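Contents: one structure, followed by commentary.
Protein chains: 2
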Amino acid sequence: MREKTVNLKRLSEHLGLSQTTVSRALNGFPEVSEKTRQKVRDAANKFNYRPSPSASSLATGKAGIIGHVVPISEHRMINPHFSDFLAGASDAYAKAGYDLLIRAAQENQEADIYRDFVSRNRVDGVVVHGPRVNETRIQFLQSIGIPFVVHGRAGGEEHSYSWLDVDNRSAIEKLTNYLIDQGHRRIALVNGLEIMNFAHRRRLGYAAALADHGIGIDPDLISSQDMNEPYGYETTIAKLDMPDPPTAFVYSSVLSAIGGMRAANVRGLLPGQDISLATFDDKLSFLQANGSGNSLPYMTSVTSSIQDAGRRVGEMLMDQISNPGAPPACELWKTDLLIGKTTGRPHAG
Amino acid sequence: MREKTVNLKRLSEHLGLSQTTVSRALNGFPEVSEKTRQKVRDAANKFNYRPSPSASSLATGKAGIIGHVVPISEHRMINPHFSDFLAGASDAYAKAGYDLLIRAAQENQEADIYRDFVSRNRVDGVVVHGPRVNETRIQFLQSIGIPFVVHGRAGGEEHSYSWLDVDNRSAIEKLTNYLIDQGHRRIALVNGLEIMNFAHRRRLGYAAALADHGIGIDPDLISSQDMNEPYGYETTIAKLDMPDPPTAFVYSSVLSAIGGMRAANVRGLLPGQDISLATFDDKLSFLQANGSGNSLPYMTSVTSSIQDAGRRVGEMLMDQISNPGAPPACELWKTDLLIGKTTGRPHAG
DNA sequence: ATTCAATTCCAAAGCGCTTTGGGTAATTTA
DNA sequence: TAAATTACCCAAAGCGCTTTGGAATTGAAT
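First to last, the sequence lines map onto chains A and B. Under the working numbering, the first residue of the first sequence carries the number 805, and numbering increases by one thereafter. Under the working numbering, the first residue of the second sequence carries the number 805, and numbering increases by one thereafter.
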């Protein structure tokens, strides 16, 4: 039962060929005849030969691995958004023969990890998660010369590196505009942490929509924290309990929107009727019906699949790894506005 | 700025020592004097020397990587449960100098991937996710001889391999008993897919509690599917619309419980008052307040942190890798019953 | 002073692959 | 038929580390 570990040497001896020829046959080099190549392939299959990744990576300098380093600390990056992103990325990697490697980073360890990655090429490239408003990793990665793609953007030199981002600003602007069109004037923004670039941009979109309609910004209607369910709940409760409560809520994540729904429920308000709830929706898979999925979207939202984003980021990174010379690639994804059942005209207060 | 890639050879030349000595000094072998060792360490730090993982893994046969292979297909394994598990595991790995590798598997590819992992040791061990009732991977992994730990259990030879599981049966039994004690007689079970071992066991716990109280099982009150929000919603709605609806619901996951809450809301029922909702709670981080966390638990639940489970499984696997001779380790975790606000005595129907 | 053991270090042989720099046989051109 | 390509194939040199099997030095014991 135990797999007999057959290596290049043994395989080539068995075939009566040199290691060179066998290696070239397997790797598709033109210097070997089709007949020989086929013979080699058959033998490789028969003996279940698989080249050792450490040996070939030692010889080529290619690891065949993409690295994801995630901060494990206070602001948990490993969350449902992340896992959906991973699902997309790992699928793309698997199809192209890459593996996905995750390393958890304590506070301020990230630079060390990147340096470690590159100095002995444990990985061929990295994806950068959760860029901040003041992002330092990008410059650093450029300086140590490792291929990378950012999921999101930092400010500044946007065309000096590769990234994929959704148009957060216009997404939330669109959503806010819709609520305003419905007649809402007091609209709360339950945002993510605004040191994160995406949350910062969403705030801008919110502000722009209000400004376009001559509605002043009430700072009491805005909050900014890590996006989780209790945050959405607490914030919504607090705002509902204001003397002059908002009639509509915009959430930066379905996770906090779920908390908002719970808050509405507890306060006896039916979303869509007594109160309007809308959200940015990453199409997290645990919220998707896995059957035909023909059910109408429940919440009014602007949507963009973070799983698709993960897949695409993975592809972009692999492209960049295989053509080192190519210029940075940037993609800005638009979002779809979906009208669900959780919004309506403001309730006669 | 570009990192100068200093290797063992260069480092030893600079020190005027042999590669052997430098290697041994760094790896803590006793054959080298403390004075020399310190000198070597200092130089290594100064030049930022880091051994190449591919080279050392080629020489030692150790990859320094733990593999997680996850089916990417229909039954999405990459979900919030998985990401919390990963958060724990990757933290444990990082502390011990291991990396975490994920490979997405298409249907029926798993065995191939394991074979690939072991035949050229890309990884030193794997963790097995989501064991089924009829589980084939365990035997296979034993036969190809790679260290592994199962998150969960399969039936059969429970002491022939290492696993960590929560006591799913007693957890749901406990929860169901509590509801029965509250006076409920018609209790719905919104279970996970019962081809999964954990869901099968939970079903047994549910059945045992009912049987203990002489309550018959109504198959119409039981459902079994992938645990996501829409499933929880649809199922709850459907059951609520029955002629003789249940007064209490037990969910196998907070993900479907959230859907259940939504259903209650839509039907105008307040959990804890008009209807009772209880769930198995893996303490998913997105549902945890990230501050002091002193908020009372909202839902009545049996809880066990899947993130802690991930951490522990990681540790167990690393232990097993470093003592290959050791007997299998098994841990069965108890759950805590927490009384929240979503349950109460049955409503006078 | 001599012997022996412990200490400290080293040269060189792998680990399994890729790739350079030819070589030889088969095929085409003059 | 001889010369020049072309098609196929190979030996051997790394890639950067660990580890085997000594060798040289030191200090204590005789």
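Positions of the beta carbon are idealized from the N, C-alpha and C atoms, including for glycine. Model, not experiment: these values are computed from the prediction.
Interface residue (Cβ-Cβ distance to chain B less than 7 Å): A:S861 is classified as such.
Taken through DSSP and simplified to helix, strand or coil, A:N1069 comes out as helix.
In this structure A:F1002 is buried. Its beta-carbon is surrounded by 16 or more other beta-carbon atoms within 10 angstroms.
Nearest neighbour of A:T1107 by Cα position, chosen from A:I1143, A:A1133 and A:C1134, turns out to be A:I1143. Counting along the chain, the unbroken alpha helix (DSSP H) around B:N849 starts and ends at E838 to K850.
Beta-bridge partners assigned by DSSP to B:V953: B:V931 and B:S966. The residue from A:A898, A:S1109, A:I999 and A:T1039 with its alpha-carbon nearest to that of A:A992 is A:T1039. If you ignore the 5 residues before and after B:N925, its C-beta comes within less than 7 Å of the C-beta of G865 and A867, all in its own chain and listed in chain order. Counting along the chain, B:L1141 sits inside the beta strand (DSSP E) bounded by residues D1140 to L1142.
Under the Cβ criterion of 7 Å, A:D1086 is not counted among the residues facing chain B.
For B:A1082, the beta-bridge partners assigned by DSSP are B:V1054 and B:T1104. By the neighbour-count definition (other C-beta atoms within 10 Å, threshold 16), A:P951 is a buried residue.
Three or more Cβ pairs drawn from the segment 925-937 of chain B and the segment 872-882 of chain B lie within less than 8 Å of each other, which places the two stretches in contact. Contact of B:L905 with chain A is assigned, a C-beta pair being separated by under 7 Å. Taking 7 Å as the cut-off, the beta carbon of B:I1079 is found no closer than this to the beta carbon of B:E1033. Counting along the chain, A:H818 sits inside the alpha helix (DSSP H) bounded by residues L812 to L819. Taking 7 Å as the threshold, the shortest C-beta distance from B:R973 to chain A does not fall below it. Distance from the Cα of A:S923 is smallest, within the candidate group A:G949, A:Q943, A:S964 and A:F851, for A:G949. Taking 8 Å as the upper bound for CB-CB distance, B:R907 and A:A975 are not in contact here, some 33 Å apart. Taking the Cβ atoms as the reference, A:L968 lies roughly 6 Å from A:M1120, within the contact range of under 8 Å. Counted as a single uninterrupted DSSP element, the beta strand (DSSP E) harbouring B:A909 occupies residues D903 to A909. Residue state for A:E1135 is assigned as strand, using DSSP reduced to three classes.
In terms of CA proximity to B:K813, B:Y853 leads the group B:E1135, B:Y853 and B:L1088. Counting along the chain, A:L1044 sits inside no beta strand (DSSP E); it lies in the alpha helix (DSSP H) bounded by residues E1033 to L1044. For B:A992, the secondary structure class from DSSP, reduced to helix, strand or coil, is strand. Between A:S1109 and A:F1084 the beta-carbon gap is near 12 Å, outside 8 Å, which marks them as no contact. If you draw a straight line from the Cα of B:Q1111 to the Cα of B:I869, it is about 19 Å long. The beta-carbon of B:I984 is placed no less than 7 Å from the nearest beta-carbon of chain A. In the DSSP assignment, B:S827 falls outside any beta strand (DSSP E) and within the unbroken alpha helix (DSSP H) covering Q823 to L830. Listed as beta-bridge partners of A:S1027 by DSSP are A:V994.
Taking all protein chains shown into account, A:I876 has 16 or more neighbouring C-beta atoms within 10 Å of its C-beta and is therefore buried.
In the three-state DSSP reduction, B:V937 falls in the coil class, being neither helix nor strand.
Counting of Cβ neighbours within 10 angstroms places B:M1046 among the exposed residues, the total staying below 16. Residues of chain A with a Cβ closer than 9 Å to the Cβ of B:T1040 do not exist, since the nearest Cβ in that chain sits about 13 Å away. Residue nearest to B:E835 within the set B:T825, B:V844, B:Q842 and B:G1148 is B:T825 (criterion: CA-CA distance). Residue B:F889 holds the alpha-carbon nearest to the alpha-carbon of B:G1114 among B:K1145, B:F889, B:G996 and B:V954.
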